[in-house]
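Asks:
Protein chains: 2
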Amino acid sequence: MKLSTRGRYGVKAMFDLALNFSGEPVSLKSIAERQGLSEAYLEQLMAGLRKAGLVKSVRGAQGGYMLSTSPDKITVGEIIRSLEGSMAPVDCVIENEETDCEKAEYCVTRLVWERIRDSINQVVDSITLQDMIDDYKRLHQRKAEKEG
Amino acid sequence: MKLSTRGRYGVKAMFDLALNFSGEPVSLKSIAERQGLSEAYLEQLMAGLRKAGLVKSVRGAQGGYMLSTSPDKITVGEIIRSLEGSMAPVDCVIENEETDCEKAEYCVTRLVWERIRDSINQVVDSITLQDMIDDYKRLHQRKAEKEG
DNA sequence: TTAAAACCAAGTAAATTACTCGGTTTTATT
DNA sequence: AATAAAACCGAGTAATTTACTTGGTTTTAA
Chain A
1 MKLSTRGRYG
11 VKAMFDLALN
21 FSGEPVSLKS
31 IAERQGLSEA
41 YLEQLMAGLR
51 KAGLVKSVRG
61 AQGGYMLSTS
71 PDKITVGEII
81 RSLEGSMAPV
91 DCVIENEETD
101 CEKAEYCVTR
111 LVWERIRDSI
121 NQVVDSITLQ
131 DMIDDYKRLH
141 QRKAEKEG
Chain B
1001 MKLSTRGRYG
1011 VKAMFDLALN
1021 FSGEPVSLKS
1031 IAERQGLSEA
1041 YLEQLMAGLR
1051 KAGLVKSVRG
1061 AQGGYMLSTS
1071 PDKITVGEII
1081 RSLEGSMAPV
1091 DCVIENEETD
1101 CEKAEYCVTR
1111 LVWERIRDSI
1121 NQVVDSITLQ
1131 DMIDDYKRLH
1141 QRKAEKEG
């Protein structure tokens, strides 16, 4: 039940874009540097996020990426699902997908997988990039106080 | 974020043991047949469940496995964690384990992973094998009514 | 014109998964 | 005592997935 680097890096990158949300595009190079990620690999992830409509890109010199909308309208769930697919713990329980298992209708374990899936979706869909920014500010304010 | 076959088969096998909870041991062969799983592979899983104290084994002819305690005292969470390890979506957030990430204390994404982990744990720890048996009975009663 | 950037497709080494295989030991039954 | 059923154990392995890299091309501001 681990997230792959796609989801992990994707959330980091999107959070970086959210912190730098200003109307100006942000280059992959700078995101990669700040977040300590491979630029070439990030490129692949951004392609996924762009196809999902979560980011816009600006090509050419001084180009880069920016959130397609404000941080409070983008959830962690949308980010992860666009990069990793459904959060369903088992394939037979992927949203809006038929299962080929003929026992599905009376399958008890299936009910368990559905509950896990729903609870994961509920958390990730409830956290927006703005929430992360708020957490970030709180965390760093506390850090500043602590360090005097 | 998929469960591996270890967790999936493990829950199935434990549910099978719960349905057959009587004091008599149940052979791997019969579990494998009923659940449509490989006997040799199941053996590995049972070793894990035994080490975790969730099942007891009886060796020799007419031997087999049985739940170590009643179905209402065994949760899906215990089963999955004993076979797959922590449900943490990211290593830096495994319960009772130090992370080597020095930024951890002020890491925002970490807060997200913790919330996902907690919510998964909450669901799986709230579902006992007895709950699954109850669901099973409900499901099959409804099936019987439907089929007349 | 140059250089910075996004875009794209394909390749690849390493790790993980989902098993199997070939035994040994234990024990109820005959 | 012999047999057979069963758990126990360690190692091996094919297939798949992951986490990238490489080598380009296209676009566009300066």
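Residue numbers (the working numbering), protein chains in the order written: chain A, 1 to 148; chain B, 1001 to 1148.
The beta-carbon is built from N, C-alpha and C at its ideal position, and this holds for glycine as well.
Here the structure is a predicted model, which is why all the values come from computation and not from measurement.
1. Secondary structure at Leu1067/B, three-state DSSP: helix, strand or coil?
2. DSSP on Leu1099/B, reduced to helix/strand/coil?
3. Please check the pair Ile127/A and Val1112/B, which I expect to be a contact at CB under 8 Å, by giving their CB distance rounded to whole angstroms.
4. Can you find the residues in the same chain that come closer than 7 Å, C-beta to C-beta, to Arg50/A, ignoring five residues on each side of it along the sequence?
5. Please report the straight-line C-alpha distance between Glu33/A and Gly7/A, rounded to a whole angstrom.
6. Is the separation between the beta-carbon of Val1026/B and that of Val1076/B shorter than 7 Å?
7. Should Asn121/A be labelled buried (16 or more other beta-carbon atoms within 10 Å of its own) or exposed?
8. Could you confirm whether any beta carbon from chain A is found closer than 7 Å to the beta carbon of Leu1054/B?
9. Name, going along the chain, the residues of the segment 1099-1110 of chain B whose beta-carbon falls closer than 7 Å to a beta-carbon of chain A.
10. Mark Ser82/A as exposed unless 16 or more other C-beta atoms lie within 10 angstroms of its C-beta, in which case mark it buried.
11. Would you say the beta carbon of Ala47/A comes nearer than 6 Å to a heavy atom of the ligand COA?
12. Do Ile1150/B and Ala1040/B have their C-beta atoms within less than 7 Å of each other?
13. Taking the alpha-carbon positions, what's the Glu78/A to Gly1064/B distance?
Replies: Judging by the given coordinates:
1. Here the question's residue 1067/B lines up with position 67 in the second sequence. In the structure shown, Leu1067/B sits in a strand (DSSP, three-state: E or B).
2. One-based indexing of the second sequence puts residue 1099/B at position 99. The sequence shown places Thr at residue 1099/B, rather than the Leu named in the question. It is coil, neither helix nor strand.
3. Position 127 of the first sequence holds residue 127/A. Position 112 of the second sequence holds residue 1112/B. Val1112/B and Ile127/A do touch by the CB rule: their CB atoms are close to 6 Å apart, below 8 Å.
4. As a working note, residue 50/A is residue 50 in the first sequence. Excluding residues within five positions, the ones whose Cβ falls inside 7 Å are Ser57.
5. Working through the first sequence from its first residue, we reach residue 33/A at position 33. Working through the first sequence from its first residue, we reach residue 7/A at position 7. If you take the alpha carbons of Glu33/A and Gly7/A, they lie about 18 Å apart.
6. Residue numbering aside, residue 1026/B sits at position 26 when the second sequence is read from its first letter. Residue numbering aside, residue 1076/B sits at position 76 when the second sequence is read from its first letter. No; because the gap between Cβ atoms is not below 7 Å, this pair is not in contact.
7. For the purposes of this step, residue 121/A is taken as residue 121 along the first sequence, with counting starting at 1. Buried.
8. For the purposes of this step, residue 1054/B is taken as residue 54 along the second sequence, with counting starting at 1. Chain A places no beta carbon closer than 7 Å to that of Leu1054/B, leaving this residue out of the contacts.
9. Tyr1106, Val1108, Thr1109
10. For this step, residue 82/A is matched to residue 82 along the first sequence. Buried, because 16 or more other Cβ atoms sit within 10 Å of the Cβ of Ser82/A.
11. Absence of the ligand COA is noted for the structure shown, with no ligands found whatsoever.
12. No statement about residue 1150/B is possible, as the shown extent of chain B runs from 1001 to 1148 and does not include it.
13. The residue you call residue 78/A lines up with position 78 of the first sequence. The residue you call residue 1064/B lines up with position 64 of the second sequence. So the two alpha carbons sit approximately 46 Å from each other.
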